[in-house]
Amino acid sequence: MSNTKDLNHTEAIDKLKSLVEDITVCLFCTDLKTDDGSTCRPMSAIKVCEQGNIWFFSEKDSDKNKAIANDKNVQLFFSHPAKSSYLVVNGEAEIVLDKTKIEELWTPVAKIWFKEGKDDPNISIIKVTPTTAYYWDTDGNRMINFLKMVASVVTGTNLLNGKEGTITF
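Quick note, the sequence shown lines up with residues 1059 to 1227 if you use our numbering.
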């Protein structure tokens, strides 16, 4: 059985950072009114800063950036099934072209998409400022949780130790 633990302030940002840094890849969804999933794409988060903003590299001329220019509301879905960790973030996205920020966030892996490196003329970063978030997090790994589930069936007692809750910013 999950225990509900809503998080606020520093504890909320720490949990967000922990989950995003552990999972990194999310489905980044724009055009939320379409409801058909066609505007969701996998994206790798670069960093969660001290304020709780989530940063991504993106191509300036991408459909994603165009969608954000039309509607800044986005949803991010992070999933780590092996650890039974999940996070959904609702937020507002902003396209950032600041060369200093690009330099600060640069990682060699980004060169896969930006052949000219940090100076690629098509590079931008997306800053997502979370407005609301919800997490599910189970203690232990997949094998331990499987064994706990089997033991729960045998004993009739729920031995899974999960937490879930709202993350308030």
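All residues carry an ideal CB built from backbone N, CA and C; glycine is no exception.
For residue i, which of the options has the nearest alpha-carbon?
i: N1111; options: L1090, D1089, S1096, I1153; result: I1153
i: T1226; options: T1215, T1187, G1220; result: T1187
i: P1179; options: T1068, I1160, K1073, H1067; result: I1160
i: N1066; options: T1189, T1196, V1212; result: T1189
i: K1091; options: S1076, V1078, D1129; result: D1129
i: I1071; options: E1108, W1113, E1174, V1211; result: E1108
i: T1158; options: K1176, G1149, A1151, D1121; result: K1176
How would you call residue i, buried or exposed, if buried means at least 16 neighbouring beta carbons within 10 angstroms?
i: D1064; result: exposed
i: L1074; result: buried
i: G1214; result: exposed
i: D1195; result: buried
i: M1059; result: With a pLDDT of 44 at M1059, under the threshold of 50, the modelled position of that residue is not reliable, and no figure is offered here.
What residues are listed by DSSP as bridge partners for residue i?
i: I1183; result: F1115, V1154
i: T1226; result: N1066, T1190
i: F1172; result: According to DSSP, F1172 bridges with nothing at all.
i: S1102; result: V1083
i: K1221; result: N1061, D1195
Quick one: any contact between the segment 1130-1146 and the segment 1165-1175, if contact means 3 or more CB pairs under 8 Å? no
Evaluate contact between the segment 1098-1106 and the segment 1069-1082, counting only Cβ atoms and requiring at least three cross-stretch pairs below 8 Å. yes
Every unbroken beta strand (DSSP E) inside the segment 1133-1160 [3 residues or more]: 1143-1154
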